[in-house]
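Let me begin by presenting the structure, written as structure tokens, before commenting on it.
Numbering (this note's numbering), first residue to last: 287 to 436.
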């Protein structure tokens, strides 16, 4: 902080100049990671799920045995944590290791080349705006006793 002093009518005026304020909202409870880091981690799990679906679709048509092995593995292991899932798959057997490597390859390629990041942002804005409008409209209709014309 800087201080400025001005000479006035027989007295000294001291003011403190505050540092420029950050224009972004403070999000409490995210000391260990930013909200963006949390979202990125959730996206990692989601991309693992997508990669598994893509690999399953590929295997179903050209390698039914590997498809069945992966389906059985999925039945025994949760896909909620993509990193844990891929790590476990990697260590299951040499055949499973090859499947894990394929899933990692597809996951990386999909997020870097195929996922439409701009569309994600637009859709997120749209969905939140529509949800906010719907919630406010429903509340107003409930509390004002106005009949919905739709």
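C-beta: ideal position from N, C-alpha, C; glycine also. Since the model is a prediction, treat every value here as computed from it, not as a measurement.
Report buried or exposed for residue 362, applying the criterion of at least 16 other Cβ atoms within 10 angstroms of its Cβ. exposed
Inside the stretch 324 to 402 only - alpha helix (DSSP H) runs reaching at least 4 residues: 350 to 362, 368 to 378, 380 to 395
State the Cα-Cα distance for the pair residue 428 and residue 412, rounded to the nearest angstrom. When the Cα atoms are used, residue 428 and residue 412 turn out to be separated by approximately 24 Å.
Three-state secondary structure (DSSP) at residue 320? coil
So, for residue 421: in the same chain, excluding its five sequence neighbours on each side, which residues have a beta-carbon less than 6 Å away from its beta-carbon? Excluding sequence neighbours, residue 421 sits near nothing in its chain.
Do the stretch 368 to 388 and the stretch 397 to 411 make contact, defined as three or more Cβ pairs closer than 8 Å? no
Have a look at residue 403 and residue 336 and give me their C-alpha separation to the nearest angstrom. Distance from the CA of residue 403 to the CA of residue 336, rounded to the nearest whole angstrom, comes to 15 Å.
Rounded to whole angstroms, what is the Cα-Cα separation between residue 368 and residue 430? 47 Å
Tell whether a beta-carbon distance below 9 Å holds between residue 356 and residue 385. For residue 356 and residue 385, yes; Cβs fall inside 9 Å.
Taking just the CA atoms, how far does residue 350 sit from residue 324? 36 Å
Roughly how many angstroms separate the alpha carbons of residue 339 and residue 310, rounded to a whole number? 37 Å
Take residue 320 and list the residues in its own chain whose beta-carbon comes closer than 6 Å to its own, dropping the five residues that flank it on each side. none
Note down the Cα distance separating residue 333 from residue 343, rounded to an integer number of angstroms. 15 Å
Can you grab the Cα-Cα spacing for the pair residue 387 / residue 360, in whole Å? Whole-angstrom Cα-Cα distance: 16 Å.
Please report the distance separating the alpha-carbon of residue 426 from that of residue 408. Cα-Cα distance, rounded: 27 Å.
Closer than 8 Å: is that where the CB of residue 419 sits relative to any heavy atom of the ligand PLP? Only the bare structure without any ligand can be found here, which leaves the ligand PLP out of the picture.
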